[in-house]
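Structure first, then comments.
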Amino acid sequence: MSDTTDHKTGRPTLADVAALAEVSRAVVSRALSPSPRPVSADKRERVLRAAEALGYRPNPLARSLTTKRTNLVAVVVNHIHDLSDLDLFDRLLGEIQAIGKQVLLLKVGSVDRVEAFLREGVAHHVDAALVWSDFADAATVRRMFRSDLVVMMNGCHDALSPAVVPDEAVGIREAVADAAAKGVHSAALVTGRASSAIEGERVASYRAAFEAEGIALAAVLQGDYSYASGRAAAAAFQHEATPDAVFCTSDAMAMGVLDACRRFFPDDRPSRFRLYGFDNLSITDHDAYPISSIGFDKAGFVEHIVRFVVHPETFVPGSPPVGVPTRFFPRATG
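Numbering (my numbering), first residue to last: 162 to 495.
See the structure below:
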C-alpha cells in the first residue's frame with residue numbers, strides 16, 4: 162500500500178488518515194487493526210473520524226504483511242466439471258465465508274502445473290490451503306503457499322498435514338451386498354483417474370467386496386469421473402452379454418451410463434443390468450436420475466475441514482486421517 166495518496170485512483174491512503182488525524186502512521190495502523198492493539202481512546206477516535214471523513218478503507222492484503230493473516234483460504238482442485246464438485250464446494254464456500262475468510266480457487270490440471278505455480282511465483286500467501294487435486298502432495302503445497310496449514314483430501318498427505326477422507330469401504334460393501342442379494346453374479350466397474358490415490362483405494366474396496374460376495378468382476382473400464390466418460394463406457398453394455406450389474410465410481414459417470422442405456426431401464430427399473438453410482442449427488446433424489454449410490458455426510462465432512470482451519474492446534478503431527486463414514490443409498494436403478 163502506498164504511503165501517499167494514490168493519484169491513479171484518488172483513493173485515500175493510511176498516510177492521508179494520519180495527516181488528518183495528526184498522528185503517526187503506526188497509530189493509524191494500530192487504531193484500525195481488527196485485533197486489539199494499544200492506542201489511546203482519544204487517538205483512536207481521531208483516527209476513526211479521519212478515516213470516515215476521507216472514506217478510507219484498509220487494504221486487507223497490505224495489512225496481512227504485518228498481521229501475518231490474509232483471511233484467504235486456497236482451495237486446490239483438478240477441475241470443477243461434475244455435480245459432485247458443486248454439491249460439496251457450494252457447502253464448503255459457505256462455511257469458509259461464515260468464519261470470515263474468502264476462498265481463492267486454483268485449478269491444477271497436472272503435476273507440471275503445480276511446478277509452474279512454484280516457478281512463476283503465482284501462488285499467494287494464504288492462511289490455509291485445502292487440497293483435492295491428486296497432482297499435489299502436502300509438502301509441495303506447503304511450499305507453494307508458504308503456509309504450514311494444509312488440509313489434504315486427496316490421499317497425498319504426510320505426517321505434517323491433517324487429512325480428511327471418506328471411509329468408503331463400508332458403503333461399498335453395503336452396495337455390493339445389495340446387488341448380491343438381488344441375484345447379481347457378475348459386475349463391471351467403471352473407474353475414475355488411475356493416478357488418484359483415493360481412487361486406487363476405492364477400486365481395491367470394490368474388488369474386495371466383489372470377492373467377499375462371490376461376484377465375478379467381468380470388466381474394468383477407465384473413465385475420469387465425468388458424465389462424458391460414463392456415456393463412452395456405456396458402449397460396452399449395448400449387447401446381450403452384459404454383466405448383471407455396473408458399478409461406477411462417480412454418480413456423474415453412472416448418469417452417463419443411464420442416459421446411454423435408458424431403453425434397458427423402463428420406468429427407471431433395471432431390465433438388463435443393475436446400475437450403482439458413487440457420491441450420492443443431490444440430483445439422484447430427483448426423478449431424472451434415480452441412481453442407487455454411495456455417499457457420506459457432506460456437512461460433517463466440511464465441518465472436519467473447517468475445524469482444522471479455525472483450530473489448527475487440534476492436529477497432532479503423525480495423526481491418521483479423519484475418516485468420514487459412507488453408506489449405501491438404494492434407489493430405482495439398483
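All C-beta atoms, glycine included, are put in the ideal place defined by N, C-alpha and C.
None of the values given here were measured: they were computed from a predicted structure.
Distance from the CA atom of V418 to the CA atom of V269, rounded to whole angstroms, is 27 Å. The alpha helix (DSSP H) runs of length 4 or more contained entirely in the segment 371-418 are, from start to end of the chain, 388-394.
Only exposed fits L321, as fewer than 16 other CB atoms lie within 10 angstroms of its CB.
When the Cα atoms are used, T475 and F469 turn out to be separated by approximately 7 Å. A Cβ-Cβ separation of about 13 Å leaves T494 out of contact with L442 under the 8 Å criterion. Here S357 has D295 as same chain residues with Cβ atoms under 6 Å from its own Cβ, once five neighbours each way along the sequence are excluded.
Here DSSP, grouped into helix, strand and coil, assigns M305 to helix.
For K343, no alpha helix (DSSP H) encloses it, and the DSSP letter there is neither H nor E.
Burial of L193 is indicated by the presence of at least 16 other C-beta atoms within 10 angstroms of its C-beta. Non-local beta-carbon contacts of A355 in its own chain, meaning distances under 6 Å to residues more than five positions away in sequence, are absent. By the beta-carbon neighbour count (other beta carbons within 10 angstroms, threshold 16), S190 is buried. Between the beta-carbon of T352 and that of H286 there is about 37 Å, and that puts the pair past the 8 Å contact cut. For V188, there is no enclosing beta strand (DSSP E); the enclosing alpha helix (DSSP H) covers residues R186 to L193.
Boundaries of the beta strand (DSSP E) harbouring I455: S454 to F457, taken from the DSSP string.
Beyond the five residues adjoining it in sequence on each side, R334 comes within less than 7 Å, by CB distance, of A370 in the same chain, given in chain order. By the criterion of a C-beta distance shorter than 8 Å, Q263 is surrounded in its chain by N232, L233, V234 and I257, once the five residues flanking it on both sides are discounted. In the structure shown, the three-state DSSP call for Y437 is strand. The C-beta distance from A349 to P404 rounds to 5 Å, short enough to meet the 8 Å contact threshold. For R172, no beta strand (DSSP E) segment is defined, and its DSSP state is neither H nor E.
Following the DSSP letters along the chain, one finds R205 inside the alpha helix (DSSP H) bounded by residues A202 to L215. When the Cα atoms are used, G461 and P491 turn out to be separated by approximately 21 Å.
The beta carbon of A212 is closer than 7 Å to those of V178 and L193 in its chain, skipping five residues each way along the sequence.
For D273, the closest alpha carbon among the candidates L266, D298, F250 and I260 is that of D298. The beta carbons of D248 and P486 sit about 18 Å from each other, so the pair does not count as a contact at 8 Å. DSSP places M313 in the uninterrupted beta strand (DSSP E) bounded by V311 to M313. If you look at D328, you'll find it in the beta strand (DSSP E) that goes V325 to D328. If you look at V269, you'll find it isn't in any beta strand (DSSP E); DSSP assigns it neither H nor E. DSSP, read as helix, strand or coil, puts T445 in helix.
Non-local beta-carbon contacts of R207 in its own chain, meaning distances under 6 Å to residues more than five positions away in sequence, involve A182 in chain order.
If you draw a 10 Å sphere on the C-beta of H400, you find fewer than 16 other C-beta atoms in it, and that means exposed. Comparing C-alpha distances from R433 to each of G216, R424 and F439 shows the shortest one belongs to R424. Taking a C-beta distance under 7 Å as the contact criterion, H472 and V483 do not qualify as a contact pair. Sequence-distant Cβ neighbours of I455 in its own chain, meaning closer than 8 Å and more than five residues away, are E329, G332, I333, E335, A336, Y437, G438, F439, D440, N441, T487, R488, F489 and F490. The three-state secondary structure of G479, taken from DSSP, is coil.
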